[in-house]
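Reviewing the structure listed below.
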Amino acid sequence: MTPEQLKAAVADIVPSLSADKSKGQAGKIATIGGCREYTGAPFFASYSALKVGSDLSHVFCTEGAATVIKSYSPELIVHPYLADSHDLPQEASSSGRKREEAVDEAVGAIEHWLERFDVVVVGPGLGRDELVHDTVVKVFQLMRDKQLPMVIDADGLYIVTKNLGLVKGYPHAILTPNKNEYQRLADALGVDTEQEGHLEKIARALEGPTVVRKGAVDEICNGTSTLHCDAAGSKRRAGGQGDVLSGSIAAFMSWAVNYGETHGLMEAADYPGGLAPTVLAAYGGCLTARHAAAGAYAKKRRSMVAGDVIEELGDTVDRLFDQGNA
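Those letters in the sequence shown? Residues 1 to 326, per the UniProt record's numbering, in order.
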């Protein structure tokens, strides 16, 4: 397919704006991430989903990150439910039983909310705390049981690389590795990245998930379809741009899910362009993030930061995928 044909296919899943619609119909997104050290990443991901056009965006983080993330924007709904080793009494942090109880309590609190979401982003700012990771592993299993679409980035990819069974054979997952994360994923799957066709080999080895290999050209593959997004972006490599992409993809994924439900689609081939919804969403997110970054860079040049890219997202979606909305 040509870039214009791909853009038209994505445009088909973008919902029209209407005063007759209810809050939530344009997407309900959750981001699982955020710890004491990293509060910006989950904000960038969750706020980007809103700026692309989702109606509601939640963040599930550790208690030490919650107040900080809440202070960034009143638009976000923040839940301090992730179990963190810092939050356990010193004598309990070494107790296996106490740690297990803390994990189960956190998982129970998060499970209560999962059925409300269309898509969950896992990983931005998650950190490497073992208790947090134990919690997220169990949440992964719950999301898979509920057939909940997920976008996995950053420390979420670290968890997946250590536990490939969490996503193997799951077609509703989108993985968004950067160069180093991609190499770790390839190593875990026994794929040689020096050989031709390594992205397709990784996607096929995962048996379902869509992989977005971020780089000078974003490559998207689910083992069946392979797309390239080479639209001009930014020459500025500001931190947080990957989180913006994750949130953008999540918004498009929620629209793809809604499109499929509205039209009663059962097979990937029935979606616009004959592309799986995860592939459509990934391409839409990549194209939007790149054009938004280009717009921000044109205005800010060396001073461009992730927040500048986020402010370009809404206009970018309208320009690329206009559905005649006033």
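The beta carbon of each residue, even a glycine, is placed where N, CA and C say it ideally should be.
Source: prediction; values computed, not measured.
Return the CA-CA distance between residue 35 and residue 128, expressed in angstroms with no decimal places.
9 Å
Cβ neighbours of residue 154 in the same chain (closer than 6 Å, five flanking residues each side left out)
123, 124
Which partner residues does residue 77 have in the DSSP bridge list?
58
Whole-angstrom C-beta distance between residue 69 and residue 49, which should lie under 8 Å
That belief does not hold up - the Cβ atoms of residue 49 and residue 69 are roughly 14 Å apart, past 8 Å.
Taking C-alpha atoms, which residue in 165, 320, 116, 205 lies nearest to residue 254?
116
Between the segment 31 to 46 and the segment 233 to 249, do three or more beta carbon pairs fall short of 8 Å?
Yes, they touch.
How far does the alpha helix (DSSP H) with residue 312 in it extend, from its first residue to its last?
Start and end: 306 to 321.
Could you check the C-alpha separation between residue 211 and residue 177 for me, to the nearest Å?
8 Å
Any contact of the segment 63 to 78 with the segment 156 to 167, i.e. 3+ C-beta pairs under 8 Å?
no
According to DSSP, residue 150 sits in a beta bridge with which residue or residues?
120, 173
Close-in-space but distant-in-sequence residues of the same chain around residue 251 (CB under 7 Å, 5 per side omitted)
27, 29, 49, 52, 53, 54, listed in sequence order.
Residues sharing a beta bridge with residue 28, DSSP
56
Let me know the secondary structure DSSP gives residue 263 once reduced to three states.
Here residue 263 sits in coil by DSSP.
Quick one: what's got a C-beta closer than 6 Å to residue 58's C-beta in the same chain, skipping five residues either side?
30, 77
Take every Cβ of the segment 204 to 222, pair it with every Cβ of the segment 167 to 184, and state whether three or more of those distances are shorter than 8 Å.
Yes, since at least three Cβ pairs between the segment 204 to 222 and the segment 167 to 184 fall closer than 8 Å, the two stretches touch.
Can you name the start and end residues of the beta strand (DSSP E) that residue 219 belongs to?
218 to 221
So, do the segment 135 to 148 and the segment 102 to 122 have three or more beta carbon pairs nearer to each other than 8 Å?
The segment 135 to 148 makes contact with the segment 102 to 122; the number of CB pairs closer than 8 Å reaches 3 or more.
So what's residue 286 in DSSP terms, helix, strand or just coil?
helix
Take every Cβ of the segment 268 to 285, pair it with every Cβ of the segment 12 to 28, and state whether three or more of those distances are shorter than 8 Å.
yes
Count the other CB atoms within 10 Å of the CB of residue 266; is the residue buried (16 or more) or exposed (fewer)?
exposed
May I ask which residues mark the beginning and end of the beta strand (DSSP E) holding residue 237?
Element bounds for residue 237: n/a, residue is neither H nor E.
Under the assumption that residue 82 contacts residue 132 (Cβ atoms under 8 Å), give the Cβ distance between them as a whole number of angstroms.
5 Å
Please name the residue in 227, 232, 87 whose C-alpha comes closest to that of residue 289.
Residue 232 is the option with its Cα nearest to residue 289.
Selected residue, minimal CA-CA separation from residue 224, among 200, 130, 24, 315
200
Span separating the alpha-carbon of residue 271 from that of residue 260
7 Å
CA-CA distance, residue 326 and residue 197?
With a pLDDT of 45 at residue 326, under the threshold of 50, the modelled position of that residue is not reliable, and the figure given next carries that caveat. Approximately 44 Å between the Cα atoms of the pair.
Between the Cα of residue 71 and the Cα atoms of 238, 138, 189, 40, which residue gives the shortest distance?
40
With 16 other CB atoms within 10 Å as the buried threshold, where does residue 86 fall?
Looking at its Cβ environment, which holds fewer than 16 other Cβ atoms inside 10 Å, residue 86 is exposed.
Hey, how far is the Cα of residue 216 from the Cα of residue 105?
42 Å
Determine the DSSP secondary structure at residue 88, reduced to helix, strand or coil.
coil
Is residue 262 buried or exposed, if buried means 16 or more other CB atoms sit within 10 Å of its CB?
Residue 262 counts as exposed, since fewer than 16 other beta carbons sit within 10 angstroms of its beta carbon.
Residues near residue 140 by beta carbon distance below 6 Å, same chain, minus five either side
166
Taking residue 60 as the reference, give the member of 185, 220, 107 with the closest Cα.
107
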